[in-house]
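For the sequence shown, position 15 (counting from the first letter as 1) is numbered 687 according to our numbering, and the numbering increases by one without interruption.
Here the structure comes first, spelled out in structure tokens, and everything after it is commentary.
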Amino acid sequence: AVRAIGERLREQLQLSLFGFDVIVADDGAQELYVIDVNYFPSYKELDDLSSQLRKHVKRQCGRQ
């Protein structure tokens, strides 16, 4: 469900690098609500950020 939310945000906001926060409804409905979208969030948990970022930029520029 979270991945689908990310894909929808990517399409609607036309962003390729972003993060978002969700909360889960506590009424038992298991609904997710987006409460924050970050244009350039922290990537401290991503291994090898420089390599991953370089690959992403190349893909965005049409160069594999």
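Yeah, the Cβ is synthetic: ideal placement off N, Cα and C, and Gly gets one too.
All of these numbers come straight from a predicted model, not from anything done at the bench.
Rounded C-alpha distance that separates residue i from residue j
{"i": "residue 690", "j": "residue 707", "result": "14 Å"}
{"i": "residue 681", "j": "residue 709", "result": "9 Å"}
{"i": "residue 703", "j": "residue 677", "result": "12 Å"}
{"i": "residue 719", "j": "residue 725", "result": "11 Å"}
{"i": "residue 727", "j": "residue 683", "result": "20 Å"}
{"i": "residue 732", "j": "residue 688", "result": "8 Å"}
{"i": "residue 697", "j": "residue 716", "result": "28 Å"}
Start and end residues, alpha helix (DSSP H) containing residue i
{"i": "residue 721", "result": "721 to 732"}
{"i": "residue 682", "result": "674 to 685"}
Endpoints, the beta strand (DSSP E) within which residue i is located
{"i": "residue 700", "result": "Premise fails: residue 700 is in no beta strand (DSSP E) and is neither H nor E."}
Beta-carbon proximity list for residue i, same chain, < 6 Å, skipping 5 on both sides
{"i": "residue 713", "result": "691"}
Residue i, DSSP secondary structure in three states
{"i": "residue 692", "result": "strand"}
Proximal residues to residue i (C-beta, below 8 Å), its chain only, five neighbours per side dropped
{"i": "residue 685", "result": "709"}
{"i": "residue 711", "result": "687, 689 and 690"}
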